[in-house]
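Residue numbering for the sequence shown follows the UniProt record's numbering, starting at 1 and increasing by one per position. Glycine included, C-beta positions come from ideal geometry on N, C-alpha and C. Note that the structure is a prediction, hence the values are computed from the model and not measured.
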Amino acid sequence: MHDEPDARLDAREVDGEPFSDIVAAIETLGDRETLLLVNSFEPEPLYGVLTDRGFDYETERAGDEWRVYITPN
Numbered sequence: 001m002h003d004e005p006d007a008r009l010d011a012r013e014v015d016g017e018p019f020s021d022i023v024a025a026i027e028t029l030g031d032r033e034t035l036l037l038v039n040s041f042e043p044e045p046l047y048g049v050l051t052d053r054g055f056d057y058e059t060e061r062a063g064d065e066w067r068v069y070i071t072p073n
């Protein structure tokens, strides 16, 4: 169980490729803030990008959606 995230982005609602929206959202996070990214599939290609940019993540599947909790490390 996770605490309430500081920000939420549902990639399913983004028109087109959501990558730039995701990057913009993580760049606004403070040191102890969390972004909840919701998607219809596990966004495995994103994990390397997050690691390279200094973010930790935890992924869980909830029914037909994937939730990725992203925090600065």
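- In the DSSP assignment, P18 is bridged to no other residue.
- Taken through DSSP and simplified to helix, strand or coil, P45 comes out as helix.
- Between D21 and D3, the alpha-carbon positions lie close to 23 Å from each other.
- Between the C-alpha atoms of D56 and D10 there is a straight-line separation of about 19 Å.
- Ranked by Cα distance from R12, the first of R53, E58, F41 is F41.
- The beta-carbon separation of D6 and T51, rounded to 20 Å, does not stay under the 8 Å limit for a contact.
- With a beta-carbon spacing of about 4 Å, V68 and L37 fall inside the 8 Å limit used to define contacts.
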